[in-house]
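Okay, structure first, notes after.
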Amino acid sequence: MANSQAMCTSFKGEILSGIHAFGTTVIRAGTGADTLKAALYLASGSQGAGTTAYAATNEVSGTNYVAGGITVTNATAPTTGGTTGYWTPSASFTWTNVTLATAFDAVLVYNSTQSNKAISVHTFGSQTITAGTFTLTMPTNDSTNALIRIA
Amino acid sequence: MIVTTTKGEMDDSLLEKREGVVDNDNENTNWIEYWLDGELVHRSAHVRMKKPIVSISEVGGFNG
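Going line by line, the protein sequences match chains A and B.
The first sequence runs 1 to 151 under my numbering.
The second sequence runs 1001 to 1064 under my numbering.
Quick look at the structure:
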């Protein structure tokens, strides 16, 4: 056995649970998980790595769509597998009986508890919905498929 | 089957049904449309995301 230089796998999982704070952090109201939300964005938008927080600019709008999106079901805590920390929402994102007439192709996952700070942007083929349902089904929550992974 | 449409709930036997699939490295998407007399009255889509967001971590050494 020899020493080896590495990012500790436990740390990767703990980052996702906010255990470590290398910089100034926030006073948390409790030890529970934050409330996360998911909002849809028009194909003409520019959400991406540079997105820092939820904003209504270029968010979709239409019948039965509530600005700010939906609350993410988060029943499964982040974990690790192999040398990867990972997390996946525990239910699909679903917008029911909506009409979204302008093409959209992205969903922003953001932290509603922490000033709507951005987490991730996921893109897909451009869609419109007419008096119908839009569903984003999550990948398998494991170290190779999870929606968010720190490898 | 009853379908929610822009005209209210309708029996699908009255409508023209169109379906499609998109399958690539990023997603598997199924969509369904119902048309009435050339007018789109219902469209739903179901996207299964395949590509995760991966952040690669690295640690620095002291020999640089």
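Quick reminder that beta carbons are idealized off the backbone N, C-alpha and C, glycines included.
These figures come from a predicted structure and were not determined experimentally.
Using the beta-carbon count (16 or more within 10 Å), is residue i buried or exposed?
| i | result |
| --- | --- |
| H1042/B | buried |
| G48/A | exposed |
| I1002/B | exposed |
| I1056/B | exposed |
| R149/A | buried |
| F104/A | buried |
| I119/A | buried |
From the DSSP secondary-structure annotation, give me the bridge partner or partners of residue i.
| i | result |
| --- | --- |
| D1011/B | I1002/B |
| Q67/A | Note that residue 67/A is Ala in the sequence shown, not Gln. The partner list for A67/A (beta bridge, DSSP) is empty, contrary to what the question assumes. |
| V107/A | L40/A, H122/A |
| I148/A | W87/A, I1053/B |
| V99/A | The question names Val, but residue 99/A in the sequence shown is Thr. Per DSSP, T63/A. |
Report the CB separation of residue i from residue j in whole angstroms; it is logged as a contact under 8 Å.
| i | j | result |
| --- | --- | --- |
| T79/A | T35/A | About 20 Å; that fails the 8 Å criterion. |
| L147/A | T76/A | In fact, because the Cβ distance is near 11 Å, the residues do not count as touching under 8 Å. |
| T94/A | T128/A | Their Cβ separation, rounded to whole angstroms, is 17 Å, which puts T94/A and T128/A out of contact at 8 Å. |
| A106/A | G62/A | That belief does not hold up - the Cβ atoms of A106/A and G62/A are roughly 16 Å apart, past 8 Å. |
May I ask you to list, following chain order, the residues of the stretch 1012-1032 of chain B that have a beta carbon less than 9 Å from some beta carbon of chain A? In summary, the residues of the stretch 1012-1032 of chain B whose CB is separated from some CB of chain A by less than 9 Å are V1022, N1024, N1026, E1027, N1028, T1029, W1031, I1032, in the order they occur in the chain.
If you measure beta-carbon to beta-carbon, which residues of the stretch 93-123 of chain A are closer than 7 Å to chain B? N97, S120, H122
Quick one: any contact between the stretch 52-64 of chain A and the stretch 103-120 of chain A, if contact means 3 or more CB pairs under 8 Å? yes
Against chain B, which members of the stretch 128-144 of chain A pass a CB distance test of less than 9 Å? Hits within the stretch, in order: T128, I129, T130, A131, G132, T133, F134, T135, L136, T137, M138, P139, T144.
Residues of the stretch 8-42 of chain A in Cβ contact with chain B at a cutoff of 7 Å, in chain order, please. K12
Could you run through the stretch 1052-1064 of chain B and flag, in chain order, every residue whose CB is less than 8 Å away from some CB of chain A? Residues of the stretch 1052-1064 of chain B with a C-beta less than 8 Å from any C-beta of chain A: P1052, I1053, V1054, S1055, I1056, S1057, E1058, V1059, G1061, listed in chain order.
Can you pull out the residues from the stretch 1034-1054 of chain B whose beta carbon lies closer than 7 Å to at least one beta carbon of chain A? L1040, V1041, H1042, R1043, S1044, A1045, H1046, V1047, R1048, M1049, K1050, P1052, I1053, V1054
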